[in-house]
Amino acid sequence: MIIRVTRRPRKKRIVILGGGFGGVYAAMHLEKLLARQGAVEISLVSRDNFFLFTPMLHEIAASDLEITNIVNPLRKLLRKVEVLVGDVNQIDLANKRVLISRGHSNRIEQLDYDHLVIALGSVTNFYDLPGLGELAVAMKSLRDAIQLRA
């Protein structure tokens, strides 16, 4: 006797790398279009568990504006998105998987995906000017703004 087992089809998985403007807005848009209907699983990988509104960093540095005005928890912004706090170690395009390290022990986890969004941000170019990289403040993080405020 043969028993037929019907399996529910696996949902497509979208992995988004980066928790800045590109990654968060891609996740918000995909969440609105697809995740609320249960059509896909969306995961976002970010170094931080919050979204930083970087255009207002100068306000943190130059005034008494509270940090909470420019920081929003990712899990609060993206209710239907799995937020994974960690670092991207490897992107394997051929096998459609990403390796990330998470937690204090930096354990390696593998994320398989059907679709990948790479939105890892930018790095300030100091144009190889001597001393500029060591002495300039790039204003890309809360740490930079707080350093200038002090």
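Going by the working numbering, the final residue of the sequence shown carries number 218, and the count climbs one at a time with no gaps.
C-beta atoms are modelled at their ideal positions from N, C-alpha and C, and glycine is treated no differently.
In terms of alpha-carbon separation, which member of the options lies closest to residue i?
| i | options | result |
| --- | --- | --- |
| L120 | L102, L142, E109, S190 | L142 |
| A206 | A94, M96, V113, A129 | A129 |
| R175 | N157, I186, R165 | N157 |
| M124 | V139, L102, D116, N163 | V139 |
| N137 | Q215, L216, L210, A218 | L210 |
| Q215 | E127, R115, R104 | E127 |
| L146 | L133, I186, S169, L102 | L102 |
| G171 | E202, S114, V153, P198 | V153 |
| L144 | A162, S169, E99, A107 | In the sequence on display, residue 144 carries Lys and not Leu. Among A162, S169, E99, A107, the Cα nearest to that of K144 belongs to E99. |
| Y93 | L203, Q105, I110 | I110 |
| A218 | A107, R104, L112, S131 | S131 |
| I186 | V113, V108, K208 | V113 |
Give the straight-line distance between the Cα atoms of residue i and residue j, rounded to the nearest whole angstrom.
| i | j | result |
| --- | --- | --- |
| D212 | I159 | 29 angstroms |
| T219 | I135 | Limits of the chain in this structure are 69 at one end and 218 at the other, which puts residue 219 out of reach. |
| V151 | L197 | 38 angstroms |
| L184 | D155 | 16 angstroms |
| F194 | R104 | 43 angstroms |
| F118 | S173 | 21 angstroms |
| L161 | L133 | 43 angstroms |
| G106 | S169 | 27 angstroms |
| G201 | R115 | 22 angstroms |
| N163 | H97 | 26 angstroms |
| V108 | G199 | 48 angstroms |
Less than 8 angstroms separating the beta-carbons of residue i and residue j?
| i | j | result |
| --- | --- | --- |
| A95 | V149 | yes |
List the endpoints of the continuous alpha helix (DSSP H) containing residue i.
| i | result |
| --- | --- |
| D212 | 210–217 |
| K100 | 89–101 |
| H126 | 125–130 |
| G154 | Counting along the chain, G154 falls outside any alpha helix (DSSP H), though it belongs to the beta strand (DSSP E) covering 150–160. |
| K164 | Unbroken run through K164: none, as it is neither H nor E. |
| E202 | 200–203 |
Check for me: the beta strand (DSSP E) holding residue i runs from which residue to which?
| i | result |
| --- | --- |
| R175 | 175–180 |
| K144 | Here K144 belongs to no beta strand (DSSP E); instead the alpha helix (DSSP H) covers 142–145. |
| S279 | Outside the shown range of the chain, which is 69 to 218, sits residue 279, and nothing can be said about it. |
Could you check whether the region 175–192 touches the region 79–94, counting it as contact only if at least three pairs of C-beta atoms, one from each stretch, sit closer than 8 angstroms? yes
Are the region 184–196 and the region 84–104 touching by the rule of at least three beta carbon pairs closer than 8 angstroms? Yes, the region 184–196 is in contact with the region 84–104.
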